[in-house]
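Here is the structure we will look at.
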Amino acid sequence: MNKLFRTISAAIGVLAAAGLIGAPAAAQTKTLKVGIGLNELSPQYKGLQKFKELVEAESKGRFKVDLFANAQLGDDAKMMTSLRAGTLEMTCPSTAPIAGLDRRWMVFDLPFLFPNEEVADKVLDGPFGQKYLESLPAHGIIGMAFWENGFRQLTNSKVAVKSPADLKGLKIRTMENPVHLATFKTLGANPTPMPFSEIFSALSEKTIDGQENPSTTNFLQKYYEVQKFTTLSNHFYSPFVFMYSKRLWDTLPKEDQALILKAAKEAGAYQRKINRETMGEAVAGMEKAGMTVTRLTPEQHQAFVDATKDIAGQFANDMGADNLKTIREEIAKAAK
Ligand code: KDG
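Last residue of the sequence shown: number 341 in our numbering, and the count goes up by one each step with no gaps.
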């Protein structure tokens with residue numbers, strides 16, 4: 006009898022270890038994974054911690070959210086491919102790499118598009134931005150909410166950039182986006198597209214002279230260790246899109262989709278707030294670390310605007326001329 010009992014117990018152990026039996030399905034905890042490129046100190050990661058807190062609390066432990074920073078799960082493009090394949094639940098890239106899926110998204114990467122964050126929020130959270138989020142399921146992605154990467158600033162190891170002429174010949178890493186490449190080419194630089202995770206080593210090995218990211222990223226990635234100069238150019242405004250794999254989203258009950266979406270939006274408002282609060286500290290931190298910070302005069306800033314005014318026209322067909330016209334109208338309305 007003992008032998009039979011031991012055999013049955015062993016069999017149960019094996020089945021339980023394989024997850025084939027055990028707690029009733031309803032009580033099992035489901036793990037949701039999120040990957041980003043920035044590090045654990047970033048406002049983006051802190052926004053994800055808020056998201057994790059909300060989802061785990063609202064689901065009463067039915068969901069567990071695991072966060073992966075520093076491009077542990079790949080760079081933006083790779084993680085978007087994982088979402089489309091249904092092997093990763095969530096990521097939160099800049100809009101720039103989305104142009105690889107749908108060139109209409111390049112509209113958000115135009116130089117000097119948004120005058121400030123308040124206007125950006127209104128347009129992105131309004132009908133125009135929502136229309137773009139609704140275009141993503143066709144690519145296997147659920148666009149849950151816009152978060153904020155922020156206004157992008159230039160860093161380099163060669164010169165205090167005060168005018169487009171100062172950029173001549175500088176090898177500048179850009180995101181993998183045709184508008185970013187064309188903008189820096191027009192400014193006289195030598196743009197080099199590269200995944201985010203390769204920037205620091207490329208700067209350190211001097212295979213590139215500079216790069217451009219929001220000041221919080223530039224500080225938290227410690228670019229001041231390998232860059233001497235930063236210019237507060239605000240040349241692009243980068244939104245993030247917090248997104249979910251459609252393949253995996255479609256397996257969720259409607260009430261869980263609503264729970265996750267609500268948390269994504271709530272955490273997004275928090276992330277935008279802390280992102281803006283940290284920009285000033287980041288600039289001060291880079292200055293304290295010995296970087297030369299160039300604050301452009303209105304005339305110097307206007308020279309960059311004038312030098313890049315034709316970029317939009319070059320990409321109007323790709324983005325859709327009507328989309329370009331509409332976003333400009335929405336910006337004018339929001340700026341009133
Ligand atoms: O976590 C976001 C990063 O992966 C990336 O989007 C940051 O702006 C960025 C860049 O320059 O690649």
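Glycine included, each C-beta is placed from N, C-alpha and C at the ideal position.
Practice task
Answer yes or no: do P98 and K251 have a C-beta to C-beta separation smaller than 8 Å?
Solution key: Not in contact: P98 and K251 (Cβ atoms no closer than 8 Å).
Exercise for the section: Please state if the CB of D80 and the CB of S202 are separated by a distance shorter than 8 Å. Expected result: Yes, they are a contact pair.
Problem - Simplified DSSP assignment, three categories, for F224 - result: It is helical.
Handout entry: Cβ-Cβ separation, R277 to D126 (assumed contact under 8 Å), whole Å
Key = About 7 Å separates the beta carbons of D126 and R277, which is inside the 8 Å limit, making them a contact pair.
Handout entry: Proximity winner among Y275, K338, I265 and A317, relative to M95 (alpha-carbon distances)
Key = Of the candidates Y275, K338, I265 and A317, the one whose C-alpha sits nearest the C-alpha of M95 is I265.
Exercise for the section: Identify the continuous beta strand (DSSP E) that holds E217 and give its terminal residues. Expected result: Here the beta strand (DSSP E) through E217 covers G215 to N218.
Exercise for the section: Tell whether a beta-carbon distance below 8 Å holds between Q232 and T299. Expected result: Not closer than 8 Å, so no.
Handout entry: CA-to-CA distance, A207 to L225, given in whole angstroms
Key = Cα to Cα, the separation comes out at about 17 Å.
Exercise for the section: In angstroms with no decimal places, state the Cα-to-Cα distance between L329 and M111. Expected result: So the two alpha carbons sit approximately 10 Å from each other.
Problem - Residue-chain proximity (A337, chain D), Cβ-Cβ < 8 Å - result: No chain D is present in this structure, which holds just one protein chain.
Practice task
Go ahead and pull the three-state DSSP assignment for A30.
Solution key: Legend: pLDDT at A30 = 47, less than 50; position of this residue unreliable, no value from coordinates given.
Practice task
Look up T313 in the DSSP assignment and say whether it is helix, strand or coil.
Solution key: Note: T313 maps to coil in three-state DSSP.
Problem - Among L88, F73 and A287, the one whose alpha carbon lies nearest that of M248 - result: The option with the nearest alpha carbon to M248 is L88.
Exercise for the section: Compute the distance between the beta-carbons of P198 and E181, then report whether it is under 8 Å. Expected result: Contact check for P198 against E181 passes: the beta carbons are separated by less than 8 Å.
Handout entry: Per DSSP, the bridge partner or partners of F68
Key = DSSP output for F68 lists K35 as bridge partner(s).
Handout entry: Three CB pairs or more closer than 8 Å across the region 232 to 245 and the region 150 to 159
Key = Cβ pair count under 8 Å is three or more, so yes.
Exercise for the section: Note down the Cα distance separating G273 from G52, rounded to an integer number of angstroms. Expected result: Their Cα atoms are separated by approximately 7 Å.
Handout entry: F201 Cβ short of 7 Å to the ligand KDG heavy atom set
Key = For the ligand KDG, at least one heavy atom lies less than 7 Å from the Cβ of F201.
Problem - K83 to A187 span [Cα, whole Å] - result: Computed Cα separation, rounded: 23 Å.
Exercise for the section: Could you tell me if D315 is buried or exposed, where buried requires 16 or more neighbouring beta carbons within 10 angstroms of its beta carbon? Expected result: Classification of D315: exposed, given that the 10 Å Cβ count is below 16.
Exercise for the section: Below 6 Å CB to CB, which residues in the same chain sit around I41 once its five sequence neighbours on both sides are set aside? Expected result: In the same chain as I41, and ignoring 5 residues on each side of it, the C-beta atoms closer than 6 Å to its own belong to Q49, A74 and C97, in chain order.
Practice task
Could you tell me if K259 is buried or exposed, where buried requires 16 or more neighbouring beta carbons within 10 angstroms of its beta carbon?
Solution key: So K259 ends up on the exposed side.
Handout entry: Spatial distance of L118 from F241 (CA atoms)
Key = For L118 and F241, the distance between alpha carbons rounds to 7 Å.
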